[in-house]
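Okay, so here's the structure we're looking at.
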Amino acid sequence: MPRVVFHKGEKTFRDEVADGANLVVRAGIKRFPFPHLSYGCGMGKCGKCACRVLSGAEHLPPPNWKEEQRLGERLAAGWRLVCQLWLAHDIELAQDNAPTEDARCTSS
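Here numbering that gives the first Met the number 0 is used: the sequence shown runs in plain steps of one and ends on residue 107.
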């Protein structure tokens, strides 16, 4: 089971998730500690779930076209759209309250 360390503001949350888990799905069903994850559409359109990958990036698949479109140059700095990731390995993420590049999605 992958271990997730998630930094939001000055708080750090830790949990284990099932193989293949998606953190936006877990946030949507209010599974602690991931309700603290900011997200919007869950489909890679809004970019609200963008996080910096602090460790574990080597186990992630290459960014898909949605991530390339939404994150652009931020991909090189370690940013990923969490809604597009299904976890199979340990990962450490940080979500800053930086504005997204595209805010077309207005759901929360």
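Virtual Cβ for every residue (Gly too), placed ideally from N, Cα, C.
Thinking just about the alpha-carbon of each residue, which of Leu36, Gly43 and Asp14 is nearest to the one in Arg69?
Position 70 of the sequence shown, counted from the start, is the residue given in the question as residue 69. Distance check between Arg69 and each of Leu36, Gly43 and Asp14 places Gly43 closest, using alpha-carbon atoms only.
According to the neighbour-count rule (16 or more other Cβ atoms, all chains shown, within 10 Å of its Cβ), is Trp64 buried or exposed?
Translated into positions along the sequence shown, residue 64 becomes position 65. It counts as exposed.
Excluding the five sequence neighbours on either side, which residues of its own chain have a C-beta within less than 6 Å of the C-beta of Asp14, listed in chain order?
As a first step, residue 14 is located in the sequence shown; it is residue number 15 there, counting from the start. Excluding positions up to five away in sequence, the list reads Val3 and Pro32.
What number of angstroms, rounded off, separates the C-alpha of Ala75 from the C-alpha of Arg30?
Taking the first residue of the sequence shown as position 1, residue 75 is located at position 76. Taking the first residue of the sequence shown as position 1, residue 30 is located at position 31. In a straight line, the C-alpha of Ala75 is about 30 Å away from that of Arg30.
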